[in-house]
Amino acid sequence: MKGNRFLFMSMIPVSEAISIVAEQSQPLPAETVALAHARNRFLVEDIVADSDLPPFDRSQMDGYAIKATDVENVPAKLKIVGESAAGRGWHNEIKAGEAVRIMTGAPVPVGADSVQQVELTREVNGNAEVEILEAVARGRSIVTRGSEIKAGETVLRAGELITAPTMSVLASFGYASVKVARRPRVAVLATGSELVSVEQKPGQDQIRDSNNFTIAAYVELAGGQVQRLPLAGDNTALLTQQIVSAAQHGDVVITSGGVSVGTYDFTKPALRELGATIYFERVALRPGKPTVFARLPNGTLFFGLPGNPVSVSVTFNLFARAALLAMQGAKETALKNESAILANKIKGAAERESYLPATLSTDDNGVLLASSLKWGGSSDFVGFVRATSLIVVPANTQVLEAGTKVRVVHLPQ
Ligand code: AMP
Ligand code: MG
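Going by the working numbering, the sequence shown opens with residue 4, and the numbers climb by one from there.
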């Protein structure tokens, strides 16, 4: 059965297209990068603590390390026998009737079982003694060794994204360099004889290429490295040549335009000429029905996205993004989704699942609301800028009234 879906090239559901992309996207080889350059990369190794955290009993407060039994009756006067500062502890044993001045982050001396905060104390006798003004519970303001993490514990897993807070974890456990997946190299190519570059003033019947910029930005958000190719026009020979050269440098080629059924839609003819394996070429999706996913003979993956800029954003994020993340070994490749209540009435489509641009807000009761944008369809890329998510409307839904519960997926920004 599995082969049949490739044979007939019927329109396939979005979920099936996503599964095919996942099946075909293999992790790239790992590389080692310096910690300072590791942000936004994906771990390919589990991260193991090389020490307890905290590595010693640590004071949470500025104050006095004491024995709780010494201050059951307050005020209690204790002899100050030393000072423990962060990075310079006091390494003797505290005896009954003694206190050590201690700072936040400093090691608690042996023999002390609590720290009383400085605000509840007063030094007397020319700083030789401290008066503790309130009793403390045993263990107060001490974080005991290993209570957060034990040496040998796995603290992060392969497939996790390295974020700003992740950096602290890696640094704390001595990962001066870290093994991450190589970033996918992505060649981006726009088709269409109407296109001129951003520096040019469009002549008659021309428009500026904008898709290459959006695709490149999304590729970077998904961790890829972009290679921009010259505009390809609508010419099978030129397109074929461009795809071949793109494939030589890239792990993935992403084109826009030329995938519909018009006379000048040359992307699929070019793929056929090259002997590519086409996995799907019609998805039950609005916008984005003519999306193509293929593999070139040298193994490079190929996404042929439709030309409309909004279709580009939707199809990139549903399909190409997932591939780029899977190639980096990401644990989570799907767009974040949640349920929301529709704020306004929307229309669905026959046979196709719709992904409609929306903004999200919460009402007075904390309920998430999805408002579909007033917009002019899949060519309204100016209106689309305000969208932070897409409302998913099941296929064959005529209308969804305000108040209906819907699924929304978040767009990367
Ligand atoms: P196509 O899928 O090639 O028929 O293109 C559909 C629509 O998207 C047409 O109006 C194109 O002019 C427009 N379009 C195609 N490629 C781009 C691009 N790179 N930048 C902006 N608009 C484009
Ligand atoms: Mg075109």
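Positions of the beta carbon are idealized from the N, C-alpha and C atoms, including for glycine.
Asked                                                                                                                                                                  : Found
For Val222, collect the residues of the same chain with a Cβ closer than 6 Å to its Cβ; drop the 5 residues on either side in sequence, then sort them by chain order. : Val189, Val229
Ignoring anything shorter than 4 residues, give me the alpha helix (DSSP H) runs that lie fully in the region 292 to 328, in order along the chain.                    : 312 to 318
Who's in the neighbourhood of the ligand MG, going by beta-carbon under 5 Å from any heavy atom, listed in chain order?                                                : Gly195, Gly260, Gly261, Gly310
Say yes only if the C-beta of Arg285 is nearer than 8 Å to one or more non-hydrogen atoms of the ligand AMP, and no if none qualify.                                   : no
Please state whether DSSP places Val17 in a helix, a strand or coil.                                                                                                   : helix
Near Gly265, which residues of its chain fall below 6 Å by C-beta distance, leaving aside the five closest residues on each side in sequence?                          : none
Buried or exposed: Gly6, going by 16 or more other Cβ atoms within 10 Å of its Cβ?                                                                                     : Model confidence at Gly6 stands at a pLDDT of 42, short of 50, so the residue's coordinates are unreliable; what they give is reported in the following sentence. Result: exposed.
When DSSP labels each residue in this structure, what does Asn399 get in the three-state scheme?                                                                       : coil
Is Gln416 helix, strand or coil by DSSP?                                                                                                                               : coil
Could you give the distance in angstroms between the alpha-carbon of Pro309 and the alpha-carbon of Gly260?                                                            : 5 Å
Report yes if the CB atom of Met64 is closer than 9 Å to the CB atom of Gln29, and no otherwise.                                                                       : no
Do the CB positions of Leu198 and Ile210 come within less than 9 Å of each other?                                                                                      : yes
Starting from Ile257, trace the alpha helix (DSSP H) in both directions and tell me its first and last residue.                                                        : Here Ile257 belongs to no alpha helix (DSSP H); instead the beta strand (DSSP E) covers 255 to 259.
Using a Cβ-Cβ distance under 9 Å, would Val74 count as near chain C?                                                                                                   : Among the chains of the structure shown, chain C does not appear; only one protein chain is present.
Under 8 Å: does the beta carbon of Arg211 sit that close to some heavy atom of the ligand AMP?                                                                         : yes
Looking at the unbroken beta strand (DSSP E) that takes in Glu86, where does it start and where does it end?                                                           : 79 to 87
Strictly by DSSP, which residues pair up with Gly66?                                                                                                                   : Ile105, Gln120
Can you pull the DSSP bridge partners for Gln203?                                                                                                                      : Looking at the DSSP assignment, Gln203 forms no beta bridge with any residue, so it has no partner.
Taking Cβ to Cβ, would you say Ala352 is nearer than 9 Å to Arg289?                                                                                                    : yes
Is the Cβ-Cβ distance between Ala33 and Ala184 less than 9 Å?                                                                                                          : yes
Compute the Euclidean distance between the alpha carbons of Gly155 and Ala161, then round it to the nearest angstrom.                                                  : 16 Å
Can you name, in chain order, every residue of its own chain whose Cβ lies under 7 Å from the Cβ of Ala250, other than the five neighbours on each side?               : Val256, Leu299, Asn301, Thr303
I need the boundaries of the beta strand (DSSP E) containing Leu192, first residue and last residue.                                                                   : 188 to 193
What ranges does the beta strand (DSSP E) occupy inside the region 137 to 182, keeping only unbroken runs of at least 3 residues that lie completely in it?            : 157 to 159
On a Cα-Cα basis, can you pick out the residue from Gly114, Asn368, Leu363, Ser316 that is closest to His94?                                                           : Gly114
Can Leu232 and Ser213 be called in contact, C-beta distance under 9 Å?                                                                                                 : no
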